[in-house]
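Student:
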Amino acid sequence: MEYVLKIVNLAVSRRERTQLIPVLNDINFFVEKGELFCLVGESGSGKTTLALSIMRLLPKSFVVTSGEILLNGQNILNVNEQSIRSIRGKDISIIFQDPGAYLDPLFTVGVHLQEALHGTTEDKNQLITKTLKDVGLEPEIQLVYPHQISGGQQQRVMIAMALINNPSIIIADEPTTALDVLTTRQIINLLSKIREKYHPAIFFITHDLELAMSIGIRIGIMYK
258 MEYVLKIVNL AVSRRERTQL IPVLNDINFF VEKGELFCLV GESGSGKTTL ALSIMRLLPK
318 SFVVTSGEIL LNGQNILNVN EQSIRSIRGK DISIIFQDPG AYLDPLFTVG VHLQEALHGT
378 TEDKNQLITK TLKDVGLEPE IQLVYPHQIS GGQQQRVMIA MALINNPSII IADEPTTALD
438 VLTTRQIINL LSKIREKYHP AIFFITHDLE LAMSIGIRIG IMYK
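Heads up, this note's numbering is the position in the sequence shown plus 257, with the first residue counted as 1.
Pasting the structure below:
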C-alpha cells in the first residue's frame, strides 16, 4: 500500500487572546495513490480547517499544535515557506468550494492559469489550452474575467488551475456546494474523468453522505 497523503495525530487550535482553543484533535487518515477518498462532516466539524492545514494555508490565528502531515512520505509541517510554495500546486493542489471568492475579478481566466503554472518545459499556451479542454472549456475563455462566466464554469477554471501542474493529489473542498444538481453531476463526472486520465488521488470533502457513498472508494467521517 502506497500513501500519497497520511495524516498522523493532527491537532489544530485557534488563538484567542492568551488561550489556545482546540479546533481539530487527533486526526488520523490516509489517501492512497490514485484513489478517491471522501471525507464527510457536518458544518462546523473542521473540514475546511483540515484542508487548509494540509495546504499550509491556515489563517495566522490558527496553529498546528501536534501531529504530522506526510505528503509522499515527507512531513510538510517541517518544510520552510519557500519550499512549501513550490510543493503547493505542483505536488498538491486544492479546489475551493466558492470559486468566486478565490478568482481575482481584476484578472482574466488566462492570467489565473498562467499564475497557477509552475516551471514547465512545455509551451505554456499549449499546456493551458490542453488543460482547458480537459475540463470542458474552450480556449477562448482565457480572454474573459471570472464574473463574466457562470458558477459552473468558474468551478471548471478552479479545477483547471488545480490540474495544470499534474499534482499527485487534489483536495476538493466541497466543490459542488454552490452548484445546482445538474452542474454538480457534471463536476463529479469531470473529476472522475481527470482521475482516470491523469491518476491523481482526489481527497473529496463534503457534508453530503449520499454523494460521498456514490463516488468514494473509501469514506471517512468527521464529527464536531
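Beta carbons: idealized from backbone N, C-alpha and C, even for Gly.
A quick note: this is a predicted structure, and the numbers were derived from the prediction, not measured.
1. Identify the continuous alpha helix (DSSP H) that holds residue 442 and give its terminal residues.
2. Please name the residue in 363, 362, 382 whose C-alpha comes closest to that of residue 370.
3. Report the start-end ranges of each alpha helix (DSSP H) in the segment 277-345 that is 4 residues or longer and not cut off at the edges.
4. Given a cut-off of 7 Å on the beta-carbon distance, is the pair residue 285 and residue 346 in contact?
5. Rounded C-beta distance between residue 462 and residue 429? I'm assuming under 8 Å.
6. In terms of residues, what are the limits of the beta strand (DSSP E) holding residue 368?
7. Where does residue 431 sit, in a helix, a strand or coil, going by DSSP?
8. By a C-beta neighbour count over all protein chains shown, 10 Å radius and 16 as the cutoff for buried, is residue 424 buried or exposed?
9. Closest to residue 426 by CA distance: which of 289, 368, 300 is it?
10. Per DSSP, what kind of secondary structure is residue 273 in: helix, strand or coil?
11. Report the residue from 393, 367, 417, 375 whose alpha carbon sits nearest the alpha carbon of residue 399.
12. Going by alpha carbons, who is nearest to residue 469 out of 449, 456, 457?
13. Let's see if you can read the secondary structure: which residues bound the alpha helix (DSSP H) around residue 471?
14. To the nearest angstrom, report how far apart residue 264 and residue 442 are at their CA atoms.
15. According to DSSP, what are the bridge partners of residue 265?
16. By a C-beta neighbour count over all protein chains shown, 10 Å radius and 16 as the cutoff for buried, is residue 272 buried or exposed?
17. Find the nearest neighbour of residue 311 within the set 302, 276, 300, 268, judged by alpha-carbon distance.
18. Compute the distance between the beta-carbons of residue 481 and residue 318, then report whether it is under 7 Å.
Tutor: So, from the data block:
1. 438-455
2. 382
3. 304-311
4. The Cβ atoms of residue 285 and residue 346 do not sit closer than 7 Å to each other.
5. 7 Å
6. Element bounds for residue 368: not the beta strand (DSSP E) but the alpha helix (DSSP H), 366-373.
7. DSSP places residue 431 in the coil class of the three-state scheme, outside both helix and strand.
8. buried
9. 289
10. Assignment of residue 273 by DSSP, reduced to helix, strand and coil, places it in the strand class.
11. 367
12. 449
13. 466-472
14. 29 Å
15. Residue 265 pairs with 325.
16. exposed
17. When only C-alpha atoms are compared, the closest one is 268.
18. no
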